[in-house]
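Contents: one structure, followed by commentary.
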Amino acid sequence: MFIHKRKMAVGFVVAVAAASLMLPLLSVGASGAPRHASDTVLSFPRNETVYTSGVAYSAPTAWNPMNLGNIATGTQGLLYETLFLYNPITNGYIPWLAKSGTWTNASTYTIVLRNGIKWSNGSAFTSADVAYTIMLAKTNPAVPYSNLGPFIASVTTPDAATVVVHFSSAAYTQWQNFLWHNPIVNKAIWSGMSAADQVTGANATPIGTGPMLLNAANDQEVAYSTNPNWWGIKDLGLSFKFKYLVDIVNGSNNVELGQLLEGNIDISNNFLPGIASLVSSPAATGQLNATGGYGILTYYPKAPYMLSANTVWLEPNMTLAPMNNLNFRKAVAYAINPAQIASVIYDNLVDPANPTGLLPNLNPFISKSVLKQYGFSYNPKLAKQFLKASSYKGQNITIQDPVGWTDWNTATQVIVQDLAAVGIKATAFFPEYAAREANLTDGTYDFALDNNAGPSSNPWSYFDRVFQLPILKKQTAQLNWERDNNPAAWALVQKLGTIPSTNVAASQAIYAQLEQIELSTLPEIPLWYNGAWAQYNTTYWKDYPVSTNAKDQYTPVMWGGWLGNMTTVLALAQLKPVG
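Rendered as C-alpha cells:
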C-alpha cells in the first residue's frame with residue numbers, strides 16, 4: 004500500500020508528508036487495461052500529482068460513461084466530455100465540445116462542433132459520433148437518457164462539424180439537460196458493443212476526448228496522466244499544471260480526515276467530521292504552523308463552508324409492504340426530525356430540506372399554496388395516527404446506507420430512534436458501497452438513504468429521477484430507484500419537457516401539479532440538503548475554488564455529475580503548485 008491509512012481524532016497534530024514522497028501505482032498494460040498486482044509498479048512525484056478522494060468507495064473497474072452507478076472517478080470529465088457545461092453558481096451554460104447550439108425552428112436544433120477535436124486514439128471526433136450518441140436514446144432503452152428517444156425523429160450530419168436534431172415534438176427541457184448531462188461516446192467503438200455492454204460494460208480501454216488519459220489502476224486507486232493533445236489547450240487556453248491525478252478509494256470519513264491532514268490527499272470530497280475547526284485563516288501559508296493550523300480550506304471561509312449539492316432522501320422500496328402503503332410512508336415522514344440531524348450530526352453545516360426536496364436555488368419554482376396544503380413536517384402525534392391507519396403489522400424494516408459514511412450512518416441511527424418513538428420497528432444496515440448500489444439497482448431493500456439528484460437550472464431533472472418510467476428489472480441509471488409506477492406523474496414530466504423555457508406560466512403550472520403529486524404520494528421523503536463537501540490541503544497546490552476569489556467561481560468536487568457536467572475541470576485548470 005502506498006498510503007498508511009489510520010484513524011485519527013480531530014485536533015491531533017500530524018506530520019505532513021514530505022514533498023518528495025513517491026506514491027506507487029499499478030500501471031496500464033499494452034492493451035490499455037489496468038495491470039494486475041504482479042505487473043510493474045509505477046510511482047509519481049508528489050509535486051507533479053494531485054491526489055483526490057471521497058468519491059470512490061470500491062475498486063475502480065469500469066470506465067463506461069453510460070454506467071452512472073459504477074464508474075471510476077474521472078470517467079466523466081477527465082476522459083469523456085459533454086457538449087456543454089453547466090455552472091450552478093452562475094446558473095449559466097458554457098460551450099464545450101460544441102461551439103454553439105441553437106433552435107433553428109420549433110422542432111429543429113443545430114449543433115456546431117469545435118474544429119480539430121480528436122479522440123485519444125488519434126481519430127477525428129466528428130458529427131457522426133454526436134449523432135450516434137444521441138440516437139442511442141432510441142436504439143437502447145437502458146441508456147440514462149432514453150426518455151429523450153420518443154421525441155427524436157431523426158439526426159442528420161450535413162458535414163463533419165454540424166449535427167441537426169429533428170424532433171417529432173420538441174423536448175426542450177429534456178434536450179437542454181442532455182446537452183450538459185451526457186458525455187459523447189465514440190461511434191466506432193460503441194457500435195461494436197452489445198446493447199448491454201453499451202451501458203454496463205467495463206470499457207477497460209477508454210478512448211475519450213478529455214484532458215486526461217487512463218494511466219493506471221488497482222484496488223485502491225485510479226491514476227490519470229495529462230493528455231498533451233487535448234483540444235482545450237488550443238481552443239480555450241487551458242492546461243493542467245500537474246502531470247498526474249490520482250483518485251484514492253475512500254475507506255471512511257475518519258480515515259479520509261487523517262489522509263487530508265497528513266498531506267496525502269489534496270482535495271477531499273467527503274464529509275469530514277469537525278472540519279470547521281480546522282479551516283485556515285485567509286493568511287494561512289498552507290503548512291503546519293506554530294499556531295496549529297493545517298492549511299485546510301473550504302469553498303466558503305465560514306459557515307456553511309460548503310455549497311449545497313443535493314437532497315438526501317429516505318427512499319422507500321414501493322414494491323414491498325409496508326413501504327407500498329401511503330399511510331405508512333406518511334407516518335415515516337412525520338416521525339423523522341430533520342432539524343435534529345442538521346444541528347446535532349452536522350453542527351448546522353447543512354439545512355433541513357424543503358418537503359419537496361428541491362434545492363434552495365429552485366425555490367422560485369415551488370408553489371407556496373401546494374406546499375402549504377400538502378407539505379409535511381416533524382409531528383410524532385400525526386405520525387402515530389397515520390401508522391394506525393396503515394397496513395403496518397409490527398414487522399421490522401431495514402434502513403441502509405454505505406458503511407463508513409459516518410454522517411449518514413449516525414443519521415440512520417437517529418431515524419431508527421425517531422421511528423421507534425411512534426411504534427415503527429427499524430434496524431440500521433450498513434453494507435459496503437458496491438453492495439448498497441446493487442441493492443438499490445436490484446430493488447432488494449426496504450428503505451435507503453439516497454442523494455442522486457443534483458443541481459440543475461430547473462426542477463425537471465429532479466422529477467425525471469423520481470417518476471421516470473418504465474421500471475426496469477435493474478434500475479442501472481439511478482432513476483426511480485423507489486420504483487414508483489405513476490403514469491400520470493411521468494406524463495406530466497414528459498409534457499414539461501415540450502414547453503419552451505420562455506413559457507414560464509405553463510411550466511409553473513406543471514411544476515405545481517408534480518409537487519402536489521409528490522407531496523401527496525411521498526415516493527421520496529426529503530430530509531436535508533447534502534453539502535458539496537470540498538476540503539483542500541494547501542501544502543502542495545494552491546488556487547483552489549473558493550467563494551472569495553471572483554475569478555474562480557467553479558464547482559469544487561470530483562463527483563461524476565460535477566466533474567463531467569459542471570465546472571470542476573475549470574477548477575482543476577486553475578490549480579498551481581506551491582513554490
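In this text, residue positions in the sequence shown follow the working numbering: the first is 4, and each later residue adds one. Glycine is no exception: its CB is placed at the ideal position from the N, C-alpha and C atoms.
Residue 231 and residue 256: beta carbons closer than 8 Å?
Contact flag unset, no.
Which ranges would you report for the beta strand (DSSP E) in the region 291-329 if only whole runs of at least 3 residues count?
If we require 3 residues or more, the beta strand (DSSP E) runs fully inside the region 291-329 come out as 299-301 and 311-319.
Using alpha carbons as the reference points, say which of 151, 169, 150 and 153 lies closest to residue 159.
Checking every option, the nearest Cα to that of residue 159 belongs to 169.
Of all the alpha helix (DSSP H) runs that stay within the bounds of the region 478-534, which reach a length of 4 or more residues?
DSSP runs (the alpha helix (DSSP H)) wholly in the region 478-534: 490-499 and 507-524.
For the beta strand (DSSP E) that contains residue 78, what are its first and last residues?
Element bounds for residue 78: n/a, residue is neither H nor E.
Cα-Cα, which of 409, 416, 468 and 425 is closest to residue 521?
Considering only alpha carbons, the answer is 468.
Where the beta strand (DSSP E) containing residue 102 begins and where it ends
Note, residue 102: beta strand (DSSP E), 101-108.
Does the separation of the CB atoms of residue 140 and residue 130 fall below 8 Å?
Contact flag unset, no.
Residue 217 and residue 66 closer than 8 Å at C-beta:
Result yes, Cβ atoms of residue 217 and residue 66 sit closer than 8 Å.
For residue 39, count neighbouring C-beta atoms within 10 Å of its own C-beta (all shown protein chains included) and say buried if the count is 16 or more, exposed if not.
Its pLDDT being 36, under 50, residue 39 is placed unreliably in this model, and the value from its coordinates should be taken loosely. Classification for residue 39: exposed.
Counting pairs of beta carbons, one from the region 340-356 and one from the region 446-453, are three or more of them closer than 8 Å?
With contact defined as three or more Cβ pairs closer than 8 Å, the region 340-356 and the region 446-453 are not in contact.
Quick one: grab the DSSP three-state call for residue 281.
Looking at residue 281 - three-state DSSP - the assignment turns out to be helix.
Return the Cβ separation of residue 309 and residue 531 in integer angstroms, given the expectation that the two are a contact with Cβ distance under 8 Å.
Residue 309 to residue 531, Cβ: 12 Å. No contact.
Can you check which of these residues, 49, 53 and 72, is closest to residue 583 by C-alpha distance?
An answer regarding residue 583 cannot be provided, because it is not within the stretch 4 to 582 covered by the chain.
Is it true that the CB of residue 406 sits closer than 8 Å to the CB of residue 435?
At the C-beta level, residue 435 and residue 406 come within 8 Å of one another.
Measuring CB atoms only, is the region 169-178 touching the region 71-85, in the sense that at least three cross pairs come out at less than 8 Å?
Segments in contact, no.
Tell me the rounded alpha-carbon separation between residue 335 and residue 321.
One C-alpha to the other measures close to 14 Å.
Please state whether DSSP places residue 403 in a helix, a strand or coil.
In the structure shown, residue 403 adopts extended strand secondary structure according to DSSP, grouped into three states.
Can you tell me where the beta strand (DSSP E) holding residue 51 begins and where it ends?
Annotation for residue 51: no beta strand (DSSP E) segment contains it, and DSSP assigns it neither H nor E.
Counting along the chain, where does the beta strand (DSSP E) carrying residue 218 start and finish?
Counting along the chain, the beta strand (DSSP E) containing residue 218 begins and ends at 215-220.
So, residue 242 versus residue 377, is the Cβ gap smaller than 8 Å?
A distance of 8 Å or more separates the beta carbons of residue 242 and residue 377.
Quick one: what's got a C-beta closer than 7 Å to residue 54's C-beta in the same chain, skipping five residues either side?
Apart from the 5 residues on each side of it in sequence, residue 54 sits with its Cβ closer than 7 Å to the Cβ of 249, 251, 267, 268 and 269 in its chain, given in chain order.
Pair every Cβ in the region 116-127 with every Cβ in the region 219-235, then say whether three or more of these pairs are closer than 8 Å.
The region 116-127, when compared against the region 219-235, does touch it at the 8 Å Cβ threshold.
My output table needs one value for residue 152: the three-state DSSP class, helix, strand or coil.
Residue 152: helix per DSSP, three-state reduction.
Can you name, in chain order, every residue of its own chain whose Cβ lies under 6 Å from the Cβ of residue 184, other than the five neighbours on each side?
Correct list, in chain order: 568.
Can you tell me which of the three DSSP states residue 224 falls into?
In this structure, residue 224 counts as strand in the three-state DSSP scheme.
Taking CB distances under 8 Å as the criterion, tell me whether residue 465 reaches chain B.
Protein chains in the displayed structure number just one, and chain B is not present.
C-alpha gap between residue 84 and residue 424, whole angstroms
Whole-angstrom Cα-Cα distance: 49 Å.
Check whether the Cβ atoms of residue 518 and residue 369 lie closer than 8 Å to each other.
Yes, the pair counts as a contact, with Cβ atoms nearer than the cut-off.
List the residues that DSSP assigns as beta-bridge partners of residue 548.
In the DSSP output, where bridge partners are listed per residue, residue 548 has none listed.
Per DSSP, cross-strand counterpart(s) of residue 56:
According to DSSP, residue 56 bridges with 251 and 271.
For residue 419, which option in 409, 410, 548 and 402 has the closest C-alpha, if you only look at C-alpha atoms?
Measuring C-alpha to C-alpha distances from residue 419 to each of 409, 410, 548 and 402 identifies 402 as the nearest.
So, for residue 413: in the same chain, excluding its five sequence neighbours on each side, which residues have a beta-carbon less than 7 Å away from its beta-carbon?
By the criterion of a C-beta distance shorter than 7 Å, residue 413 is surrounded in its chain by 348, once the five residues flanking it on both sides are discounted.
N-terminal and C-terminal residue of the beta strand (DSSP E) that residue 167 is part of:
Boundaries of the beta strand (DSSP E) around residue 167: 165-170.
Are residue 431 and residue 422 closer than 8 Å when you measure CB to CB?
Judged by beta-carbon spacing, residue 422 lies beyond the 8 Å limit of residue 431, meaning their Cβ atoms are not closer than that value.
Sort out for me which residues DSSP pairs residue 451 with in a bridge.
Beta-bridge analysis with DSSP links residue 451 to 318 and 403.
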